[in-house]
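Just remember that this note's numbering sits 9 ahead of the position in the sequence shown, which is counted from 1.
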Amino acid sequence: MNVIDVYDIASTTWYKQATSGASPPIRVDPCAVVFAAPDASSFNVYLYGGQNLQPYGNQTQYSDIWILTVPSFTWIQVDLDGQSQPPARAGHTCNAWNGQMVVVGGYVGNQISCDSPGIYVFNASSLQWQNSYAALSGGDSQNEQATQDTSGSGLSGSYGYLVPEAVQSVIGGGSSGSATATTPASGPATDGPIATGRPPTFTIAQSGSTIVETAHSTATATTSVVSPAPSSSNPSASPNIGVIIAAVIAGVLAILAAYLAFCTWLYRRQLALYKNHVAMSQRAALSYSASPENRMHSEKMGPLLGAFGTEIGGHSGSNSAPGSSLGGHSGPSSGPAAVRYDGNSTPNRVFTSEEPTPMEYQGAAGVAAGAADGLHGDRASVGSSTEDLLAGHEPSFISVVLSPRRTLRVINRD
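Structural data, given as structure tokens:
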């Protein structure tokens, strides 16, 4: 720590400054606070604790206190002999108020099972550990020194602080300040905020007004706080294109899901009607073939085909039409023949093998139409949905998706 990094807020520039005097051993995780002399002629940084991580697995915690006085940049070790000190620690916090350093928490090693009370107070003026915190009356809300409490730019927490004798012996002056060491002890600063060897000028720009407090009329280093200009454009106000695209995609998917659900409902309704019509046509055809006169026609004309090529009654032989027997028995037939029905129980026209006219088989459509007339009167299902439901093809979901209006019309008219 024989070289200190200094950051100039006004110029946003880093500088390096050499120190004088014996410096603290290498360490990590200490805490540090700073107190201003009553006249701001010196600023004293108090460094406490920390630990050395070397060698590995054998960390060493520190309980020493060091003072770096600025602008002299001289290290001063505080003499703590004979005092009741807190256990050595690292990773703790320190806060300055009413000229006292309040220490909270930290790692105390594995030799101590309980760190009690865990909060300790060090008097920065007398350089003594105290058993309790001493609340001082007076000062302002920032707890500044009396010479700074009207500017609003003093160092907070320094109210009640007096420069210790150990520091006075190095930088001169007295407990109220008046330090005579105004330049770094290792050599004058050639650059940076302390190049003049004078305390800094406190400058605050607020609401269009500037408050300036100078400890010395020759001070040149300044620190300013400027509020950023409002931005003309607000990026957060612009529309989020990603959110809009995601909302559109979600809407399209919702509409598609609703459409597919509607088509599923239509398909199930049409399939149920289809199965109902098939069952109704088979019952009507079996009822027709059971009468004696129709049985005679069936024996003369050959097998009668029901729904989708199903043989209804009669005989099945080598020359019969393709299909399976639903109520008759197997045997030779008199040749291919067919009966065409126009929706009534009486045959409309008979074709025999002797006629040159081609064979026709009108399956379940005609029988179902007649059965529908008998069961439902003159309902429109016979003339409208028969061709859709009894065309010999079971409804498919794809056809419903491609033509939902046609399916809906069939359902509504049936």
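Ideal Cβ positions, reconstructed from N, Cα and C, are used throughout, including at glycine. All of these numbers come straight from a predicted model, not from anything done at the bench.
Classify residue i as buried or exposed, calling it buried when 16 or more other Cβ atoms lie within 10 Å of its own Cβ.
i       : result
Pro-126 : exposed
Leu-269 : exposed
Trp-75  : buried
Pro-34  : exposed
Trp-106 : buried
Gln-92  : exposed
Arg-422 : exposed
Asp-14  : exposed
Val-419 : buried
Asn-353 : In this prediction, Asn-353 scores a pLDDT of 44, lower than 50, which makes its location untrustworthy; the coordinate-derived value is nonetheless stated afterwards. Result: exposed.
Gln-157 : buried
Gly-59  : buried
Thr-78  : buried
Gly-166 : buried
Tyr-55  : buried
Ile-424 : One cannot answer for residue 424 here, as it falls past the ends of the chain, which runs 10 to 423.
Excluding the 5 residues flanking residue i on each side, which residues of the same chain have their C-beta closer than 6 Å to its C-beta?
i       : result
Tyr-16  : Trp-23
Phe-406 : Tyr-276
Ala-198 : Ala-204
Met-10  : Ser-32 and Pro-33
Leu-171 : Ser-134 and Ser-184
Ser-195 : Ala-27 and Ser-29
Suppose contacts are defined by Cβ-Cβ distances below 8 Å. Is residue i in contact with residue j by that definition?
i       : j       : result
Gly-5   : Gln-154 : Because the chain is modelled from 10 through 423, residue 5 falls outside the range shown and cannot be assessed.
Ala-45  : Gly-163 : yes
Pro-80  : Ile-250 : no
Ser-185 : Gln-177 : no
Pro-96  : Asp-124 : yes
Trp-84  : Gly-30  : yes
Tyr-65  : Cys-103 : no
Gln-109 : Val-87  : no
His-101 : Val-111 : no
Pro-413 : Leu-280 : no
Leu-441 : Pro-193 : Past the boundaries of the shown model lies residue 441; the chain is included only from 10 to 423, so the question cannot be answered.
Gln-68  : Trp-138 : no
So what's residue i in DSSP terms, helix, strand or just coil?
i       : result
Thr-69  : strand
Ser-408 : helix
Gly-260 : helix
Gly-352 : Unreliable positioning characterises Gly-352 in this predicted model, as indicated by a pLDDT of 45, which lies under 50. The coordinate reading is nonetheless provided below. Coil.
Tyr-425 : Only positions 10 to 423 of the chain appear in the structure, and residue 425 is not among them; the question remains open.
Tyr-168 : coil
Phe-82  : coil
Ser-122 : coil
Asn-421 : helix
Tyr-142 : coil
Ile-18  : coil
Ile-253 : helix
Could you check whether the Cβ of residue i sits closer than 8 Å to any Cβ belonging to chain C?
i      : result
Gly-30 : No chain C appears in the structure shown, which is made up of a single protein chain.
Under the assumption that residue i contacts residue j (Cβ atoms under 8 Å), give the Cβ distance between them as a whole number of angstroms.
i       : j       : result
Val-43  : Ala-27  : With 8 Å as the limit, Val-43 and Ala-27 do not qualify as a contact, their Cβ atoms being about 19 Å apart.
Ala-188 : Gly-182 : 4 Å
Asp-38  : Ala-99  : 4 Å
Considering only heavy atoms of the ligand FAD, does any lie closer than 7 Å to the CB of residue i?
i       : result
Ser-134 : Only the bare structure without any ligand can be found here, which leaves the ligand FAD out of the picture.
Give me, in chain order, the residues of the same chain whose beta-carbon lies closer than 7 Å to that of residue i; leave out the 5 immediate sequence neighbours on both sides.
i      : result
Arg-36 : Gly-59, Gln-60, Asn-61 and Tyr-71
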